[in-house]
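Below: the structure, in structure tokens.
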Amino acid sequence: MSARLMLFDLYAGGHHRAYLEMLARAWVAGKREGRLDIFMPEALARDHPDFRAWLEAQDEKRIRAIRREVHLPEGDMGLRGVLANDAEHGRVLSELIARHKPQHVLAMYWDHLQASLAQRRLPRTTPISGIYFRPSFHYDGEPLTIRLRKRWLLRAAMSHPAVHRVLSLDPWATDAVRDPRMVAIPDGFDPVAGGASREEILGRWGLKPDTRVLLFFGVISARKGIHEALAAMPNLRTPATLVLSGRIPPGERGDVQSALASVDFPVIHDDRYVPDAEVQDQFAAADAVLVAYRRHIGSSNVLIRAAAAATPAVGPTYGMTGRQIMTHRLGETVDTADSAALAGAIDRVLRGESGFDAERARAFAAANTADRFAERVFAEVLGP
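Here the working numbering is used: position 284 in the sequence shown is 1066, and no number is missing along the way.
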């Protein structure tokens, strides 16, 4: 029996496990008929043994994992790298459709399937939808030629007869496109409560209870702004400890560790994949969350987690993240490449002088839960 829906993802790092798991758990808990297949890299299963164990414990008539060794570069890459990854997405997905014949495919990263669709590398027979994480053609800041190229690529991809829905995490992108097949969906996060107190979390980091904590959570990489964060810290007027919670990509480990070794301010590196039960406790324990992304154009699950914990964020003026911070009063926006300006924004947040609104932050987080995300995705892809 073919799957009613196949989730397709070739990436293992960053947010990819979280979005797969939100949809997988919602499918098992829900009443939709048929089987959900999940295609994912072996590396994702190895890095997240709890998710793998949960999948293996499920009834295969309801949900099935299909794993394969995949070795694609992740993170920053030039146009040539993006096109190479896109071609591999198209090749693997075509093979999966031919072999497993799913009734519908949801590409978990539409961004890197567009060229394959535009070039008709995928069959017409199986409906394909995708989650669009990083639309940027509607934001100033990139050269006009690049924005026009991205808009053209989106239209060319959507002209493929198999395309059913493009699910955008950026609501402002759908306003710019005005195609009924491209719809805005909530972002999603599952705020698993671990119950640890602030003192317990700080104690695990070896910090005293009265320490001001600036949290940098997730992948510790150049694209996420680690070097901007380290450059800003010496300019702070408010004493604070920078806590880096997450792993450094293998390709950047040498550069980041060298930068950390040369700092003369307090910094802690919690170098691990943080268990789900502890993640939200870390956000609640922080005095501020640093979202110092370098020219980041997509959504930020870190921002939603900070809002849910009523912890103010400092982020870029650019792109969707900056627009969300300003629209929902989630903290301060700043040119993150300007270390003095970034330090000033951090100081204002730590002193309680930003425009942060805790009530509006919690409302923003409540609109972006795992349940809302999964419900809307399944409704758009499969119908009510």
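All C-beta atoms in this analysis are idealised placements derived from N, C-alpha and C, irrespective of residue type, glycine included.
Being a predicted model, the structure only gives us computed values, none of them experimental.
7 Å Cβ cutoff met for residue i and residue j
| i | j | result |
| --- | --- | --- |
| Pro991 | Glu982 | no |
| Asn867 | His894 | yes |
| Ile928 | Leu949 | no |
| Ile1086 | Gly1097 | no |
| Thr1093 | Ala1068 | yes |
| Ala1125 | Glu1114 | no |
| Ala1095 | Met804 | no |
| Leu1012 | Ala1041 | yes |
| Gly857 | Pro1031 | yes |
| His1051 | Leu1018 | no |
| Ala827 | Arg849 | yes |
| Ser1121 | Ala1014 | yes |
| Thr1103 | Glu1010 | no |
| Ile1008 | Val1056 | no |
| Val1061 | Leu1024 | no |
| Val965 | Glu1157 | no |
| Ala1143 | Leu1112 | yes |
| Gly976 | Tyr1100 | no |
| Gly912 | Ala889 | yes |
| Ala978 | Asp841 | no |
| Leu787 | Leu802 | no |
| Ile820 | Ala847 | yes |
Rounded C-alpha distance that separates residue i from residue j
| i | j | result |
| --- | --- | --- |
| Met822 | Asp791 | 5 Å |
| Arg963 | Ala808 | 23 Å |
| Arg902 | Gln885 | 19 Å |
| Ile910 | Ala1148 | 29 Å |
| Ala806 | Leu854 | 23 Å |
| Ala1089 | Asp972 | 13 Å |
| Arg834 | Arg799 | 10 Å |
| Trp836 | Leu899 | 33 Å |
| Pro905 | Ala785 | 17 Å |
| Arg862 | Asp1139 | 42 Å |
| Ala1004 | Pro917 | 20 Å |
| Arg947 | Leu1132 | 42 Å |
| Arg933 | Phe919 | 6 Å |
| Leu865 | Val874 | 14 Å |
| Arg1029 | Asp1053 | 5 Å |
| Leu984 | Gly860 | 39 Å |
| Asp961 | Pro1166 | 20 Å |
| Gly1036 | Leu989 | 26 Å |
| Arg937 | Leu951 | 18 Å |
| Pro1021 | Trp954 | 37 Å |
| Pro1016 | Lys1006 | 19 Å |
| Phe1146 | Glu815 | 32 Å |
Limits of the alpha helix (DSSP H) - the one that residue i falls within
| i | result |
| --- | --- |
| Ser1121 | Ser1121 to Leu1132 |
| Thr849 | The residue asked about is misnamed: residue 849 is Arg in this sequence, not Thr. Careful: Arg849 lies outside any alpha helix (DSSP H), inside the beta strand (DSSP E) at Ile845 to Arg850. |
| Pro1065 | Here residue 1065 turns out to be Phe, not Pro, going by the sequence shown. Run containing Phe1065: Asp1058 to Ala1067, per the alpha helix (DSSP H) assignment. |
| Ser1082 | First-last for Ser1082: undefined, no H or E at that position. |
| Met1102 | Gly1101 to His1110 |
| Asp832 | Pro831 to Glu838 |
| Met804 | His798 to Ala811 |
| Phe1146 | Ala1140 to Ala1148 |
| Val1001 | No alpha helix (DSSP H) holds Val1001; DSSP gives it neither H nor E. |
| Val1038 | Arg1035 to Ala1043 |
Burial state of residue i (16 or more Cβ within 10 Å)
| i | result |
| --- | --- |
| Lys813 | exposed |
| Leu996 | buried |
| Lys843 | exposed |
| Lys883 | exposed |
| Gly970 | buried |
| Gly1000 | buried |
| Val887 | buried |
| Leu1164 | buried |
| Glu1135 | exposed |
| Trp892 | buried |
| Val1045 | exposed |
| Phe1047 | exposed |
| Val974 | exposed |
| Glu1034 | buried |
| Arg817 | buried |
| Arg930 | Position check: residue 930 holds Leu in this sequence, whereas Arg was assumed. Leu930 is exposed by the Cβ-count criterion. |
| Asn1130 | The question names Asn, yet the displayed sequence has Arg at residue 1130. When all chains shown are included, Arg1130 counts as buried. |
| Leu926 | exposed |
Start-to-end residues for the beta strand (DSSP E) that takes in residue i
| i | result |
| --- | --- |
| Leu949 | Val945 to Ser950 |
| Val1096 | Ala1095 to Pro1098 |
| Asp1052 | Val1049 to Asp1052 |
| Glu1162 | No beta strand (DSSP E) holds Glu1162; the alpha helix (DSSP H) holding it covers Ala1152 to Leu1164. |
| Met788 | Leu787 to Phe790 |
| Ala966 | Met964 to Ala966 |
| Thr1115 | Gly1113 to Val1116 |
| Thr1023 | Thr1023 to Ser1027 |
| Ala1011 | Not the beta strand (DSSP E): Ala1011 falls in the alpha helix (DSSP H), residues Ile1008 to Ala1014. |
| Asp819 | Leu818 to Pro823 |
| Leu1072 | Ala1070 to Leu1072 |
**Prompt:** Residue ranges of each beta strand (DSSP E) run of no fewer than 3 residues wholly in the stretch 879 to 931, ordered along the chain?
**Reply:** 887 to 889 and 910 to 914
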